[in-house]
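A.B. asks: There's a structure below that I have some questions on.
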Amino acid sequence: GSLTNLFYSGNMSIGGTGKLVMSDSINNRIMAANPGGYILTNGAGHTIQGAGNLLFNTGGMVNKGIIIADQPKNPLIIDPDAKGVVNRGKLIARGLGGLQIYFGPFTTSGQVSVAAKSTLNRKGDYTQTGGVTIVNGALTATGLIQLQGGMLKGNGTVSSVNNTGGGVAPGIAAGILHVNGNYTQGAGGRLISEIGGLTAGSQYDQLLITGRATLFGGLTVRLAGGFVPAVGNTFTVLTATGGISGRFDPAKIVLPVLGANSFKIVYTANSVVLKVVAGHPPAPTAKPIVTPEDQAAATKVFPNDPDVGNTHTYAVTTAAAHGKASVNAAGLVTYTPNLNFNGMDSFVVTVTDNTGLFGTVKILVTVTPVNDPPTATSASITTKEDTTSAGVTPSVTDVDIATNGDTHTFTILTQPAHGSANVIGNKLFYTPSLNYNGADSFTY
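The opening position of the sequence shown corresponds to residue 91 in our numbering, with each subsequent residue numbered one higher.
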């Protein structure tokens with residue numbers, strides 16, 4: 091009922107291993123007397139717990155300690171101003187009241203955990219740059235869950251995820267993580283699935299998405315508990331009610347070795363399924379490419395398929411950064427460097443056999459430098475009759491100046507019709523014939 095405020099002035103630094111306990115009241119506040127300061131929880135074992143409002147839009151927070159929302163009725167609210175909240179310690183939501191993080195920047199590289207039946211509600215983006223977020227209850231953001239690093243795991247529910255650089259691992263052991271929204275995985279993201287049996291949720295991991303899944307990046311599959319899947323076993327590791335676009339990057343897929351059998355990845359309109367089939371994937375190889383600047387070169391990809399009689403298709407699945415690579419039906423690769431590029435480059439070719447199993451090879455490229463000729467531009471010289479001109483520095487375009495540090499010398503190729511030209515100290519000089527005035531020209 092009553093309003094209880096704890097005011098601080100400037101920055102409030104909390105150390106040690108004690109506890110600051112707030113009762114189950116929404117009217118508790120820890121806030122700055124003069125807006126603009128920070129709450130700094132510097133003690134790794136220090137705890138703030140309870141309900142109420144931290145900051146009340148009067149400052150920011152850097153947390154290296156432990157903040158616990160553990161009350162059965164009211165939430166613990168972290169309400170920063172524009173300085174925001176940085177979590178390097180632990181944020182724990184374990185009460186029915188939950189944890190709320192209001193507007194203002196928020197990033198976490200520590201640990202965030204949401205217990206079953208508890209909630210963490212974020213107004214804006216939930217940005218994770220490292221550490222781990224464990225969700226067994228519900229994590230919602232009015233923006234996106236921006237997974238830039240670290241791990242997101244658990245058996246709970248999260249809102250839309252943009253995974254650009256982290257790992258998503260449903261469950262704690264085997265489990266199901268629900269995405270109530272869309273799931274987007276970029277080149278740096280990874281889905282990690284553990285398989286220890288045939289039953290989804292209790293024996294193998296699933297990511298269940300109510301919206302749309304846009305896939306790229308990595309997929310890692312691990313076996314658990316000594317489980318050995320048999321031919322014909324299937325495991326639906328991802329479903330998306332709104333449909334699936336894209337594919338995992340073949341070069342970033344890690345699958346267990348199953349002896350004489352292999353995992354085959356099957357993409358449907360709404361799911362990603364791992365199916366165990368007989369046979370082995372190709373293990374392609376190719377020699378590296380060495381070519382001079384501005385010159386195309388070729389190499390051959392060999393499938394090295396242990397299963398005799400298979401046929402193969404070839405595709406460039408990771409493009410070259412500094413040129414263009416293509417591969418034909420026979421596995422012959424052609425690489426053309428970008429104009430004037432020299433240095434190192436690479437690309438990936440995926441070889442798929444007629445059973446759907448695949449392997450990848452990364453082809454390294456060395457483009458050696460070539461000394462390109464400079465291009466001189468026209469110069470203009472003006473002088474008085476019977477007077478040698480002042481020296482003019484010629485203008486030159488040379489693509490090799492930046493990379494090779496080229497220097498230049500100048501030579502007169504054709505003399506003017508009405509005078510003479512020469513080069514002194516890399517400057518052009520023109521002397522007109524006696525009593526001549528008018529236009530003249532020469533080449534250098």
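The beta-carbon is built from N, C-alpha and C at its ideal position, and this holds for glycine as well. Note that the structure is a prediction, hence the values are computed from the model and not measured.
#1: Is Ile120 near the ligand ATP, in the sense that its beta carbon is under 7 Å from a heavy atom of that ligand?
#2: Assuming the contact rule is C-beta atoms closer than 8 Å, Val581 and Ser283 should be a hit. Round their C-beta distance to whole Å, please.
#3: With a threshold of 8 Å, are at least 3 pairs of Cβ atoms found where one atom belongs to the segment 480-499 and the other to the segment 440-452?
#4: Within 10 Å of its beta-carbon, does Tyr526 have 16 or more other beta-carbons around it, so buried, or fewer, so exposed?
#5: Comparing alpha-carbon positions, which option in Thr247, Gly315 and Gly316 lies nearest Asn272?
#6: Looking at C-alpha atoms only, which residue of Ala330, Val457 and Ala341 is the closest neighbour of Thr426?
#7: Could you give the DSSP three-state label for Pro340: helix, strand or coil?
#8: Within 10 Å of its beta-carbon, does Gly91 have 16 or more other beta-carbons around it, so buried, or fewer, so exposed?
#9: Tell me the residue span of the beta strand (DSSP E) that contains Lys517.
#10: Leu524 to Pro459, Cα distance in whole Å?
#11: Short of 6 Å in beta carbon distance, which residues of its chain neighbour Thr300, apart from the five on each side in sequence? Order them along the chain.
#12: Do you know how far the Cα of Thr381 is from the Cα of Val367?
#13: From which residue to which residue does the beta strand (DSSP E) around Asp476 run?
#14: Residues bridged to Asn226 by DSSP?
#15: Using only the alpha-carbon positions, how far apart do Asn400 and Arg312 sit?
#16: Taking the beta strand (DSSP E) that Leu503 falls in, what are its first and last residues?
#17: If I'm right that Leu85 touches Asp169 with Cβ under 8 Å, what's the distance once you round it to whole angstroms?
#18: At which residue ranges does the segment 358-432 contain complete beta strand (DSSP E) runs of 3 or more residues, listed in the order of the chain?
#19: Over what stretch of residues does the beta strand (DSSP E) that includes Lys452 continue unbroken?
#20: Comparing C-alpha positions only, which one of Val455, Val417, Ser416 and Leu429 sits nearest to Asp435?
#21: Using CA coordinates, which residue listed in Leu181, Lys342 and Gly187 is at the minimum distance from Ala141?
#22: Kindly identify the DSSP beta-bridge partner or partners of Gly142.
#23: Please return the same chain residues whose Cβ sits closer than 8 Å to the Cβ of Ala409, not counting the five positions on each side in sequence.
#24: Taking the Cβ atom as the reference point for each residue, do Thr424 and Pro340 lie within a distance shorter than 8 Å?
#25: How far does the beta strand (DSSP E) with Pro260 in it extend, from its first residue to its last?
#26: Considering only C-alpha positions, which residue in the set Asn494, Phe325, Gly495 and Asn512 is nearest to Asn502?
#27: Which residue or residues does DSSP assign as beta-bridge partners of Tyr526?
#28: So is Asp476 buried or exposed if we call it buried at 16+ other beta carbons inside 10 Å?
C.D. replies: This is what the structure gives:
#1: Absence of the ligand ATP is noted for the structure shown, with no ligands found whatsoever.
#2: Residue numbering for the chain in the displayed model covers 91 to 534; residue 581 lies beyond these limits and cannot be assessed.
#3: They do not touch, by the three-pair rule.
#4: Along the sequence shown, one-based indexing puts residue 526 at 436. It is exposed - the Cβ of Tyr526 has fewer than 16 other Cβ atoms within 10 Å.
#5: As a working note, residue 272 is residue 182 in the sequence shown. Per the Cα distances, Thr247.
#6: Translated into positions along the sequence shown, residue 426 becomes position 336. Nearest C-alpha to Thr426: Val457.
#7: Residue numbering aside, residue 340 sits at position 250 when the sequence shown is read from its first letter. The answer is helix: DSSP assigns Pro340 an H, G or I state.
#8: Indexing the sequence shown from 1 puts residue 91 at position 1. Reliability of the predicted coordinates at Gly91 is poor, the pLDDT of 42 falling under 50, and the value obtained from them is presented with this limitation in mind. With fewer than 16 other Cβ atoms within 10 Å, it is exposed.
#9: Translated into positions along the sequence shown, residue 517 becomes position 427. It spans Lys517 to Pro522 - the beta strand (DSSP E) in which Lys517 sits, taken as one unbroken run.
#10: Against the sequence shown, residue 524 aligns to sequence position 434. Against the sequence shown, residue 459 aligns to sequence position 369. Computed Cα separation, rounded: 49 Å.
#11: As a working note, residue 300 is residue 210 in the sequence shown. Once the five neighbours on either side are set aside, the close Cβ partners of Thr300 are Asn270 and Thr331.
#12: Translated into positions along the sequence shown, residue 367 becomes position 277. Translated into positions along the sequence shown, residue 381 becomes position 291. Answer to the nearest angstrom: the Cα atoms are 41 Å apart.
#13: To locate residue 476, count along the sequence shown from 1; it is residue 386. It is not in any beta strand (DSSP E) - Asp476 carries neither H nor E in the DSSP assignment.
#14: The residue given as residue 226 occupies position 136 in the sequence shown. Its beta-bridge partners do not exist; DSSP assigns none.
#15: Along the sequence shown, one-based indexing puts residue 400 at 310. Along the sequence shown, one-based indexing puts residue 312 at 222. Rounded to the nearest angstrom, the two C-alpha atoms are 27 Å apart.
#16: Position 413 of the sequence shown, counted from the start, is the residue given in the question as residue 503. DSSP places Leu503 outside any beta strand (DSSP E), giving it a letter other than H or E.
#17: Because the chain spans 91 through 534 in this model, residue 85 falls outside it and cannot be assessed.
#18: 361-368, 379-382, 387-392, 402-408, 413-417 and 422-427
#19: Numbered from its first residue, the sequence shown carries residue 452 at position 362. That run of the beta strand (DSSP E) goes Phe448 to Thr458.
#20: Indexing the sequence shown from 1 puts residue 435 at position 345. When each option's Cα is compared against that of Asp435, the closest is Val455.
#21: On the sequence shown, position 51 is the one that residue 141 refers to. Ala141 has its Cα closest to that of Gly187, out of Leu181, Lys342 and Gly187.
#22: As a first step, residue 142 must be located in the sequence shown, where it is residue number 52. Paired residues: Leu166.
#23: By one-based count along the sequence shown, residue 409 stands at place 319. So the qualifying residues of the chain are Ala415 and Phe437.
#24: As a position in the sequence shown, residue 424 is number 334, starting the count at 1. As a position in the sequence shown, residue 340 is number 250, starting the count at 1. Not closer than 8 Å, so no.
#25: Here residue 260 refers to the residue found at position 170 when the sequence shown is read from its first residue. Its beta strand (DSSP E) spans residues Gly257 to Pro260.
#26: Taking the first residue of the sequence shown as position 1, residue 502 is located at position 412. The sequence shown places Ile at residue 502, not Asn. Closest option to Ile502, Cα to Cα, is Asn512.
#27: Numbered from its first residue, the sequence shown carries residue 526 at position 436. Answer is none; Tyr526 lacks a bridge partner.
#28: For this step, residue 476 is matched to residue 386 along the sequence shown. Result: exposed.
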